[in-house]
Amino acid sequence: GEGEGEGTGAGRLPVYVAVDPAQAEDSRAVLGRIPEVIEWAEGNFGPHPFSSTGAIVERPEDVAYALETQNRPVFPGAPDLSLLVHELAHQWYGDSVTPKSWRDMWLNEGFATYAEWLWEEDHGGDTAQEIFDALYEGDYHQDAASNEAVWDFPPAKPPSAARISDSPVYERGAMVLHKIREAVGDDAFFGLIRGWATAHRHGNADTADFTAYVEKFARKTAPDADLTPIWEEWLYGEGRPPEA
Numbered sequence: 747g748e749g750e751g752e753g754t755g756a757g758r759l760p761v762y763v764a765v766d767p768a769q770a771e772d773s774r775a776v777l778g779r780i781p782e783v784i785e786w787a788e789g790n791f792g793p794h795p796f797s798s799t800g801a802i803v804e805r806p807e808d809v810a811y812a813l814e815t816q817n818r819p820v821f822p823g824a825p826d827l828s829l830l831v832h833e834l835a836h837q838w839y840g841d842s843v844t845p846k847s848w849r850d851m852w853l854n855e856g857f858a859t860y861a862e863w864l865w866e867e868d869h870g871g872d873t874a875q876e877i878f879d880a881l882y883e884g885d886y887h888q889d890a891a892s893n894e895a896v897w898d899f900p901p902a903k904p905p906s907a908a909r910i911s912d913s914p915v916y917e918r919g920a921m922v923l924h925k926i927r928e929a930v931g932d933d934a935f936f937g938l939i940r941g942w943a944t945a946h947r948h949g950n951a952d953t954a955d956f957t958a959y960v961e962k963f964a965r966k967t968a969p970d971a972d973l974t975p976i977w978e979e980w981l982y983g984e985g986r987p988p989e990a
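Counting in the numbering used here, the sequence shown runs from 747 upward without gaps.
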């Protein structure tokens with residue numbers, strides 16, 4: 747179809763965008779930040795796993811939701827910056843490291859959601875801890891039902907494939923990552939998430955692979971960290987854990 751496209755550079759990485767003409771004006775500013783987002787993401791997650799990046803912006807009536815298609819995510823209309831960060835983070839966590847099963851979808855969405863939190867933290871917004879606390883206390887969403895839905899099921903145990911887009915997979919998945927960060931400390935945590943993206947680059951992984959990787963990494967970098975409560979209460983446990 748018709749569109750506007752361009753190739754620029756995010757350091758060494760070509761950037762290509764294709765935008766429905768009706769969305770071009772609204773999309774221009776946010777898509778212009780793709781190189782900035784990629785540079786930031788590489789600083790946190792390691793080298794970009796593919797040969798180019800970019801975005802495709804369609805009319806909202808033509809695409810129902812954003813999708814992390816490899817190299818160029820697809821957006822239903824002009825994305826906001828948080829959504830852009832989320833979908834570009836999926837290039838590492840989702841497109842390069844791909845879950846073995848729908849049951850492992852939190853490894854996609856928890857990571858991409860936590861990337862949003864890290865971006866906010868690094869750019870003058872709420873810290874990841876503040877976002878975590880708001881979710882835990884039920885103050886994050888404007889309506890009570892959305893706050894309660896975070897605890898509908900454990901992120902690693904969605905009841906069916908129809909539920910993999912629900913908030914426990916996204917937000918509680920991100921909370922699992924934050925608990926790991928608390929347990930091992932920042933230096934080890936950022937080394938861990940970079941290492942995970944590298945260890946399974948262009949491959950498949952499941953939740954058991956992830957917990958084994960974290961345990962092994964922590965033994966070397968944070969030997970005093972106790973990860974068992976995270977797995978039992980936050981990753982696999984039913985309901986809201988008794989203590990944050």
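By construction, the Cβ of each residue, glycine as well, lies at the ideal position given by its N, Cα and C atoms.
Everything numeric in this text was worked out from a predicted model, so none of it was measured.
- Secondary structure note for Asn950: its beta strand (DSSP E) is the uninterrupted segment 949 to 951.
- By the neighbour-count criterion, in which 16 or more other beta carbons inside 10 Å mark a residue as buried, Glu771 falls on the exposed side.
- Between Ala801 and Ile784, the gap from beta carbon to beta carbon reaches 8 Å or more.
- Three or more beta-carbon pairs separated by less than 8 Å are not found between the segment 964 to 980 and the segment 852 to 865, which leaves the two stretches without contact.
- Judged by DSSP secondary structure, Ala764 falls outside any alpha helix (DSSP H) and instead within the beta strand (DSSP E) spanning 759 to 765.
- Taking a C-beta distance under 8 Å as the contact criterion, Asn950 and Pro845 qualify as a contact pair.
- Trp848 counts as exposed, since fewer than 16 other C-beta atoms from the protein chains shown sit within 10 angstroms of its C-beta.
- Three or more Cβ pairs closer than 8 Å define a contact, and the segment 930 to 948 falls short of that threshold against the segment 975 to 982.
- Pairwise C-beta distances place the segment 826 to 842 in contact with the segment 941 to 961, as three or more of them are shorter than 8 Å.
- With 16 or more other CB atoms across the displayed protein chains lying within 10 angstroms of its CB, Leu981 is buried.
- A straight line joining the alpha-carbon of Glu867 with that of Ile926 spans about 17 Å.
- In this structure, Pro904 keeps its C-beta atom at 8 Å or more from the C-beta atom of Gly919.
- For Val915, there is no enclosing beta strand (DSSP E), as DSSP marks it with neither H nor E.
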